[in-house]
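Protein chains in written order, with my numbering: chain A, 15 to 186; chain B, 55 to 152. We put the CB at the ideal spot given by N, CA and C, even for glycine. Note that the structure is a prediction, hence the values are computed from the model and not measured. Below: one structure, written as structure tokens.
Encoded structure:
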């Protein structure tokens, strides 16, 4: 009874994934090796995808894996390679003099966001439809009916960004 | 599951991303930290979206598309900076300082 109402398997999966994601995210911003930072970023992005799956957003999860893990991380690795970043350990990836103030800023931000969210959403349960849902079909219906114009605008934006990136990065 | 567990995970990721943007000097690493922030926002959107139809998921899709565009243009700009200055140390880009 209690087990059913508290959704134990999902919570165990969430706990494991959340701990892994937080560890990997801390490593992304603290590691001395820039290639390791890109590979830890893969762990965080995959964890976000698993979170989408836990929330029954399977289309978004697949998009997350394809676009982020498949494309954006590869783009980052190309960026690392083309800017001749120091491979291996390097001490000038971060600025030690900014560490205290950055730590203070991020911790106070976490305190403010966390306190306000706990105060507002403490007891709100997530109610997911039982027995699965036709999520992909519903999302596509939603995009191509209510959000058609924003969708077209995003595709124009992607085209503009693509051409802009080519113009900027081209040797002439 | 409660909404708050996703919101807290997202808040922690967001703060780690802000720390990374502030403390890193290498431009590519700053872009990676911005990706952390955008992903934290996506978790929030989908978690809130469970209680109000599909708008949250559609917004998260738009955020993913805009993030892809941002990374493409951002890396192209970093490539230009590297070609002109042989370095992508952001602390050295201080011509606007008075």
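For residue 10 of chain B and chain A, any beta-carbon pair shorter than 8 Å? The first residue shown for chain B is 55 and the last is 152, placing residue 10 of chain B beyond what the model contains.
Smallest Cα separation from residue 80 of chain A: which of A/183, A/69, A/150 and A/60? In the first chain, the residue the question calls residue 80 of chain A occupies position 66. Comparing Cα positions, the closest option is A/60.
How would you write the range of the alpha helix (DSSP H) that residue 51 of chain A sits in, first residue to last? The residue labelled residue 51 of chain A in the question sits at position 37 within the first chain. Start and end: 48-68.
Which residue from A/164, A/132, A/123 and A/175 puts its Cα closest to that of residue 70 of chain B? In the second chain, residue 70 of chain B corresponds to position 16, counting from 1. It is A/123.
Does residue 66 of chain B have its Cβ less than 8 Å from a Cβ in chain A? Along the second chain, read from residue 1 onward, the residue named residue 66 of chain B stands at position 12. Yes - at least one Cβ of chain A is within 8 Å of the one on residue 66 of chain B.
Taking the alpha-carbon positions, what's the residue 210 of chain A to residue 147 of chain B distance? Nothing in the structure corresponds to residue 210 of chain A, since chain A is present only between 15 and 186.
In terms of alpha-carbon separation, which member of B/60, B/124, B/150 and B/79 lies closest to residue 63 of chain A? In the first chain, residue 63 of chain A corresponds to position 49, counting from 1. Closest by alpha carbon: B/60.
Determine the chain B residues that contact residue 77 of chain A at a beta-carbon separation under 8 Å, and present them in chain order. Against the first chain, residue 77 of chain A aligns to sequence position 63. Residues of chain B passing the Cβ test: 115 and 118.
Starting from the C-beta of residue 111 of chain B, find all residues in its chain whose C-beta is less than 8 Å away, skip the five residues before and the five after it, and write them out in chain order. On the second chain, residue 111 of chain B is found 57 positions in, with the first residue counted as 1. Here the set comprises 99, 100 and 103.
CB contact flag (residue 15 of chain B, residue 32 of chain A, <8 Å): In the structure as shown, chain B starts at 55 and stops at 152, and residue 15 of chain B therefore has no counterpart that could be examined.
Which residues, taken in chain order from the region 29-55 of chain A, show a beta carbon closer than 8 Å to some beta carbon of chain B? Within the region 29-55 of chain A, the residues whose Cβ lies closer than 8 Å to some Cβ of chain B are 32, 35, 36, 39, 40, 42, 43, 48, 51, 52 and 55, listed in chain order.
Assess, as a yes-or-no matter, whether the region 98-111 of chain A is touched by the region 33-50 of chain A under the definition of 3 or more beta carbon pairs within less than 8 Å. yes
Beta-carbon neighbours of residue 156 of chain A, restricted to chain D and to distances below 9 Å: Checking the listed chains, one finds no chain D in this structure; the protein chains it contains are A and B.
Does the Cβ of residue 138 of chain B have 16 or more other Cβ atoms within 10 Å, making it buried, or fewer, making it exposed? Working through the second chain from its first residue, we reach residue 138 of chain B at position 84. Exposed, by the Cβ-count rule.
At a CB-CB cut-off below 7 Å, which residues of chain A make contact with residue 139 of chain B? If you number the second chain from 1, residue 139 of chain B lands on position 85. Within chain A, no residue comes near residue 139 of chain B; the closest Cβ sits about 11 Å away, beyond 7 Å.
Ignoring anything shorter than 4 residues or poking outside the region 128-181 of chain A, list the alpha helix (DSSP H) runs there in chain order. 149-157
Thinking C-beta only, is residue 120 of chain A closer than 8 Å to residue 72 of chain B? For the purposes of this step, residue 72 of chain B is taken as residue 18 along the second chain, with counting starting at 1. For the purposes of this step, residue 120 of chain A is taken as residue 106 along the first chain, with counting starting at 1. Yes, these two residues count as a Cβ contact at 8 Å.
Shorter than 8 Å from the beta carbon of residue 67 of chain A to some beta carbon of chain B? Start at 1 with the first residue of the first chain, and residue 67 of chain A comes out as number 53. Taking Cβ atoms only, chain B never reaches closer than 8 Å to residue 67 of chain A, which makes this a no.
How about residue 96 of chain A and residue 133 of chain B: are their beta carbons less than 8 Å apart? Working through the first chain from its first residue, we reach residue 96 of chain A at position 82. Working through the second chain from its first residue, we reach residue 133 of chain B at position 79. Cβ distance < 8 Å, so residue 96 of chain A and residue 133 of chain B count as in contact.
On the DSSP letters alone, give me the boundaries of the alpha helix (DSSP H) that residue 90 of chain A sits inside. For the purposes of this step, residue 90 of chain A is taken as the residue at position 76 of the first chain. Start and end: 87-96.
Sequence-distant residues of its chain with Cβ nearer than 6 Å to residue 167 of chain A (five each side left out): Reading the first chain from its first residue, position 153 is the one you call residue 167 of chain A. Once the five neighbours on either side are set aside, residue 167 of chain A has no close Cβ partner at all.
Would you check if the region 88-97 of chain B and the region 169-185 of chain A touch, i.e. whether three or more CB-CB distances between them fall below 8 Å? In short, these stretches do not touch, since the Cβ pair count stays below three.
Roughly how far, in whole angstroms, is the beta-carbon of residue 96 of chain B from the beta-carbon of residue 114 of chain B, given that I think they are within contact range, below 8 Å? To locate residue 96 of chain B, count along the second chain from 1; it is residue 42. To locate residue 114 of chain B, count along the second chain from 1; it is residue 60. Confirmed, about 5 Å.
For residue 143 of chain B, does the three-state DSSP call read helix, strand or coil? Residue mapping note: residue 143 of chain B aligns to position 89 of the second chain, counting from 1. Residue 143 of chain B: strand per DSSP, three-state reduction.
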